[in-house]
Amino acid sequence: MSRLEAKKPSLCKSEPLTTERVRTTLSVLKRIVTSCYGPSGRLKQLHNGFGGYVCTTSQSSALLSHLLVTHPILKILTTSVQNHVSSFSDCGLFTAILCCNLIENVQRLGLTPTTVIRLNKHLVSLCISYLKSETCGCRIPVDFSSTQILLCLVRSILTSKPACMLTRKETEHVSALILRAFLLTIPGNAEGHIILGKSLIVPLKDQRVIDSTVLPGILIEMAEVQLMRLLPIKKSTALKVALFCTTLSGDISDTGEGTVVVSYGISLENAVLDQLLNLGRQLVSDHVDLVLCQKVIHPSLKQFLNMHRVIAIDRIGVTLMEPLTKMTGTQPIGSLGSISPNSYGSVKDVCTVKFGSKHFFHLIPNEATICSLLLCSRNDTTWDELKLTCQTALHVLQLTLKEPWALLGGGCTETHLAAYIRHKTHNDPESILKDDECTQTELHLIAEAFCSALESVVGSLEHDGGEILTDMKYGHLWSVQADSTCVANWQDLLSQCGCGLYNSQEELSWSFLRSTHHPFVPQTCLPHEAVGSASNLTLDCLTAKLSGLQVAVETANLILDLSYVIEDKN
Amino acid sequence: MLSSMAAAGSVKAALQVAEVLEAIVSCCVGPEGRQVLCTKPTGEVLLSRNGGRLLEALHLQHPIARMIVDCVSSHLKKTGDGAKTFIIFLCHLLRGLHAITDKEKDPLMCENIQTHGRHWKNCCQWRFISQALVAFQTQILDGIMDQYLSRHFSSIFSSAKERTLCRSSLELLLEAYFCGRVGRNNHKFISQLMCDYFFKCMTCKSGIDVFELVDDYFVELNVGVTGLPVSDSRVIAGLVLQKDFSVYCPADGDIRMVIVTETIQPLFSTSGSEFILNSEAQFQTSQFWIMEKTKAIMKHLRSQNVKLLLSSVKQPDLVIYYAGVNGISVVECLSSSEVSLIRRIIDLSPFVPPQAFSQCEVSNTALVKFCKPLILRSKRYVHLGLIGTRTFIPHCVVLCGPVQGLIEQHEDALHGAFKMLRQLFKDLDLNYVTQTSDQNGTSSLFIYKNSGESYQAPDTGKGSIQRPYQDTVVENKDELEKTQTYLKVHSNLVISDVELETYIPYSTPTDTFQTDETLKCLSLERNRLTDDYEPLLKNNSTAYSTRGNNRIDISYENLQVTNITGKGNMLPVSCKLQNMGTSQSYLSSSMPAGCVLPVGGNFEILLHYYLLNYAKKCHQSEETMVSMIIANALLGIPRALYKSKTGKYSFPHIYVRAVHALQTNQPLVSSQTGLESVTGKYQLLTSVLQCLTKILTIDLVITVKRHPQKVHNQDSEDEL
């Protein structure tokens with residue numbers, strides 16, 4: 000009989016946001032995430048105090064998954080950011096910081112949650128529709144016929160993760176590799192429905208970053224001894240491949256629920272082995288050149304196949320099965336006999352390669368969308384960070400393929416957006432409020448809170464005590480070194496805006512971001528020549544940022560709407 | 000020793016419990032309600048405005064609290080709505096009951112029991128009240144619903160006979176429902192989503208069985224996707240199975256599918272049998288036979304154009320392989336509910352591999368429109384284009400949200416909405432006892448209506464109030480003697496009402512009291528009527544000066560005045576009944592499916608109003624008292640709904656307007672546009688009354704250290 004235990008009563012707390020403890024924990028989380036943000040963000044070292052794995056990172060996905068959050072409100076915030084990151088990979092810190100800022104700013108106002116939530120929703124939909132509109136002044140079209148903008152996009156992602164510890168040269172190298180890996184996954188004959196391939200990231204932890212490379216096809220790691228035993232195949236045509244998903248070890252398969260009685264002196268193992276050897280004979284007679292098995296191949300069968308100049312590789316593992324199926328065009332075989340000839344696939348060639356101390360068996364495809372990205376780094380933790388960054392970049396490229404636009408990065412989108420919203424709420428509040436019960440004053444208050452939340456996100460790009468300015472024409476972001484005393488001559492101090500689209504040679508006027516200034520109309524509709532000339536832009540993924548913005552506001556609204564927290568103490 | 004472990008199950012204790020619960024639920028009731036965050040022991044967080052979920056999450060220990068929670072959840076299981084209202088209403092009822100006994104000098108009903116302790120005496124009295132409650136529920140409530148309330152109902156159907164539903168009224172109903180269930184930002188979106196889903200799934204032939212289907216299998220009919228904004232949620236055609244293909248072979252054209260519930264590959268031995276291996280060759284041949292057999296079955300399926308195999312169990316590698324070779328896609332490990340849903344939609348029985356092969360057709364196949372993988376946020380699902388039946392076109396809801404907790408909330412709310420619709424589409428049977436005496440069959444409703452019409456809306460000025468009242472008196476002159484007898488009969492009632500008035504410091508009981516007072520005056524001297532009337536008014540205004548601002552006071556005065564005039568009209572009717580002698584008759588009628596009322600406490604205010612009218616007419620003191628308590632408690636609900644509103648939309652204003660409209664026989668004007676189901680409200684009311692009856696019948700709560708042993712019914716087995 001199972002032990003029954005009475006459930007402990009839950010703990011119920013009202014108005015959770017007003018308590019001091021929640022405020023402090025929220026501000027601690029905010030300080031953690033803001034200090035990580037941007038190319039000059041500070042790194043965080045996460046370890047458990049008993050030794051073991053140490054993680055050095057500034058990425059939201061690594062940071063939040065290692066952070067042990069106990070307070071339910073923080074949990075909502077962090078899981079919401081994590082869920083966003085797992086679907087879009089990018090803009091996690093942006094989402095987290097914006098959410099914290101919104102909660103903090105709005106709380107100060109003391110308006111009712113209903114008003115706040117309603118207006119926040121109006122403002123975010125205003126942002127979204129602006130960012131999606133043709134007149135948007137902070138997004139540029141992505142041209143897939145040239146690599147320039149795509150490289151900018153990848154480079155911006157790499158530079159925003161300082162924990163990868165890349166030099167300028169390495170950054171260039173890795174961005175080019177990532178872009179190549181991505182382009183290799185796009186099928187050549189793109190008709191109608193495109194199914195992207197896959198880039199497999201292969202770790203090489205004792206090499207320099209600059210040694211990283213991309214190879215088409217799949218690399219299977221093997222011990223040197225094993226590789227030596229494989230005989231080189233000399234064949235001009237493509238190689239025939241058989242891929243097994245069932246075990247070839249000679250186990251006796253499931254015999255059903257009843258009992259099987261085996262008479263004395265009968266060896267089932269021999270019977271199964273006979274069956275395996277028959278299978279081997281069939282493979283040989285079908286002129287198979289390469290046998291791959293997800294599980295274990297019986298040594299006798301292996302021996303038999305090798306004798307007949309068939310390469311047999313076992314223990315491939317379930318992760319490689321799908322790319323292998325895709326690349327070779329095989330049907331994974333689950334039978335020990337009567338194999339249909341359609342189940343065989345092919346590869347163009349195989350060879351053995353050596354990178355550093357590791358040996359690989361390289362399957363070269365005929366024409367396939369699978370490639371391997373050999374990622375090198377000397378350090379475990381930097382490799383982990385680099386891998387995450389590469390995955391992010393590959394994902395961002397995929398998202399950009401679906402929605403071929405990029406947003407100006409470096410904080411320019413945020414300041415521009417804030418300027419746009421300020422202008423809109425001052426000049427046309429009726430169109431935002433429409434049929435609502437909210438007043439214009441409430442709208443101005445909330446819009447100010449919203450804009451300053453956006454601006455403090457970019458404010459946290461600056462970690463070295465510098466000042467952040469915005470220009471009054473484009474609404475872009477400009478940053479100044481900390482020790483600049485002369486305020487009169489901004490033009491000489493500033494060189495380029497955050498995204499790199501504009502330089503200070505133009506006749507612009509600047510003001511401090513945090514100071515109060517009159518709302519102005521930021522210039523909409525980017526001129527085409529402006530985009531074409533700039534070679535080194537900082538760009539953000541549009542899809543990820545849009546979702547990040549929505550998720551941040553939705554989460555902030557959720558948290559602001561809480562009236563009770565019921566904690567289950569069981 | 001026992002006493003240390005036992006606690007008196009009194010109304011006081013129940014009230015304390017209910018008040019705590021009320022404090023929690025009242026924060027998330029109505030359109031202005033807020034969210035509550037619950038953590039699970041596993042560390043997951045859940046956002047909820049669902050009263051039932053909140054109450055369960057509290058893990059209450061108090062026995063009465065647990066009983067209340069049980070009542071709520073059984074109510075929810077049936078109706079899917081009203082948990083928060085349940086608690087608020089129950090709390091107000093208990094408050095009303097507590098108020099009666101708290102200041103009571105001499106016990107109301109059980110004078111004869113004096114030897115017992117006070118507690119037991121109380122319990123006995125509670126028993127009387129609970130009996131009165133049951134009587135009310137079974138004999139009176141339905142009658143009031145049928146005779147008075149029903150004329151305010153409107154129908155959700157555009158044509159009642161065919162039960163066709165128009166989108167706009169469904170939208171109004173759902174919007175109002177989701178207002179109380181999901182976050183303020185999302186209720187419009189979610190109700191649109193639900194509307195879309197509803198109209199995409201339903202055909203013109205859809206009956207209530209479709210609601211049952213959706214209600215029963217709601218979990219299988221929706222997919223949650225975290226990490227996306229809520230606005231990405233959508234309705235998609237077909238069925239989404241929350242697994243990936245084991246083998247996927249793209250296919251188009253005529254796709255047939257089969258369902259299997261066991262492995263297709265024959266096994267060496269089935270359970271209970273024995274397989275004896277005598278030689279190695281025998282083993283090999285059996286293996287070969289198994290292989291060939293599997294191959295043949297799959298080939299056979301292929302020849303019958305079967306391109307999809309759904310399996311509730313894991314199939315061996317061999318089966319998967321031959322399926323792939325034959326171009327048959329396979330989905331394994333379907334849950335039993337998924338299988339039963341598919342079988343219910345397309346009426347398909349599982350495929351059993353034939354023992355001997357003939358060229359006969361596989362009978363148990365079904366046609367599907369398409370079958371393809373669906374990728375939602377990098378997770379793969381099976382998307383199945385099942386062909387709908389006459390009554391149901393399968394569709395799925397994809398629910399997106401930043402966190403799982405929010406998705407669960409939306410899922411819950413949608414499920415609840417289907418439960419609510421399911422109830423709404425049923426006819427509701429009403430059975431009640433009525434006292435009829437009139438041969439002409441003139442119901443009191445009719446008379447009341449007439450009398451209501453014969454008077455203009457009473458103005459605020461005093462002069463104008465006096466006038467109609469005097470008119471009444473003139474009219475009633477002939478009946479004056481009858482009135483006196485009536486009053487004698489009802490002297491008890493007056494006393495109890497007086498007491499009630501002092502205990503419940505709110506508007507409505509005083510009305511009755513005043514009416515009776517004025518009636519007394521009436522019988523004594525007609526001329527004194529107007530003089531008496533003024534001090535009464537003054538009393539009233541002083542009584543209410545503590546509440547709210549002056550404007551509210553004035554409106555309350557008006558309210559009382561109108562009530563009194565109304566009462567004057569009612570009087571002859573009651574007398575008539577009294578004189579002719581009453582006889583009880585049992586009536587049954589039914590409320591047609593789809594009855595709705597505007598939201599915002601309309602049901603409560605209406606019922607309150609008619610209950611009070613009823614209470615004034617009825618002859619037994621318990622009946623009067625119970626009706627009054629319920630009538631007053633009902634007002635607690637709109638009061639909670641309009642808690643945060645001020646000015647024109649505050650509760651007193653709304654209430655006064657509604658009562659005024661009722662008395663002048665004008666249509667009620669609601670400040671909100673939404674609709675709500677009358678059935679739901681009615682069921683809520685009965686559930687709360689049942690719960691209250693349960694609470695009242697318990698006199699002692701005894702804590703035991705071990706689990707109460709389950710009493711097994713051995714007798715019935717023996718008899719068999």
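Residue numbers (numbering that gives the first Met the number 0), protein chains in the order written: chain B, 0 to 569; chain W, 0 to 719. Here a beta-carbon is modelled for each residue, glycine too, at the ideal position from N, C-alpha and C. Values in this document were obtained by computation on a predicted structure and should not be read as measured data.
Minimum C-alpha distance to residue i - residue among the options
i	options	result
V271(B)	F274(W), Q264(W) and S285(W)	S285(W)
D539(B)	K131(B), H46(B), R154(B) and V68(B)	R154(B)
H91(W)	V209(W), L333(W) and A13(W)	A13(W)
S588(W)	L140(W), Q60(W) and K39(W)	L140(W)
L276(W)	S510(B), P403(B) and S262(B)	S262(B)
K199(W)	P353(W), L172(W) and G237(W)	G237(W)
L387(B)	A61(B), S13(B) and T23(B)	A61(B)
M306(B)	G328(B), T329(B) and L276(B)	L276(B)
E331(W)	T293(W), Y380(W), H299(W) and Q303(W)	Y380(W)
Length of the line joining the Cα atoms of residue i and residue j
i	j	result
P265(W)	L199(B)	39 Å
L366(W)	D346(W)	11 Å
L10(B)	L561(B)	15 Å
E366(B)	Q504(B)	50 Å
T514(W)	A131(W)	The predicted model places T514(W) with a pLDDT of 39, which falls under 50 and marks its position as unreliable; any figure quoted below should be read in that light. Each residue's Cα considered, the two are about 24 Å apart.
T390(W)	H186(W)	28 Å
K301(B)	M227(B)	15 Å
E452(W)	Y147(W)	Note that E452(W) scores 34 on pLDDT, short of 50, meaning its location in the model is unreliable; the coordinates nonetheless yield the value given after this. Straight-line Cα distance between these residues: approximately 15 Å.
K544(B)	A481(B)	29 Å
E498(W)	H659(W)	Per-residue confidence for E498(W) stands at a pLDDT of 37, beneath the threshold of 50, marking its modelled position as unreliable; the derived number appears in the next sentence. Cα-Cα distance, rounded: 27 Å.
L130(B)	P140(B)	12 Å
Q15(W)	V703(W)	22 Å
S311(W)	D383(B)	40 Å
E466(B)	S510(B)	10 Å
V222(W)	S335(W)	17 Å
S168(W)	F156(W)	8 Å
K7(B)	I72(B)	21 Å
S144(B)	S334(B)	46 Å
L559(B)	V668(W)	33 Å
K461(W)	Q662(W)	For K461(W), the predicted structure reports a pLDDT of 37, less than 50, and the residue's modelled location is therefore unreliable. The matter cannot be settled from this model.
S356(B)	S339(W)	56 Å
Per DSSP, cross-strand counterpart(s) of residue i
i	result
R48(W)	Paired residue(s): none; R48(W) is not in a bridge.
S478(B)	I467(B)
V260(B)	I275(W)
S430(W)	First, the amino acid is wrong: residue 430(W) is Asn here, not Ser. DSSP lists S587(W) as partners of N430(W).
Boundaries of the beta strand (DSSP E) in which residue i is found, first to last residue
i	result
D470(B)	E466 to D470
E447(B)	That residue, E447(B), is in no beta strand (DSSP E); its alpha helix (DSSP H) goes Q439 to G458.
D348(B)	D348 to F354
L398(B)	Taken as a continuous stretch (DSSP letters only), L398(B) belongs to no beta strand (DSSP E), being part of the alpha helix (DSSP H) at D379 to K401.
Q206(B)	Segment: none, Q206(B) is in no beta strand (DSSP E) and carries neither H nor E.
Span of the alpha helix (DSSP H), counted from its first residue to its last, around residue i
i	result
E744(W)	Here chain W has residues from 0 to 719 only, and residue 744(W) is not among them.
K418(W)	Q403 to L423
C126(B)	P112 to K131
H607(W)	N601 to K616
For residue j and residue i, believed in contact at Cβ under 8 Å, the rounded distance
i	j	result
I87(W)	G635(W)	6 Å
Q682(W)	T78(W)	5 Å
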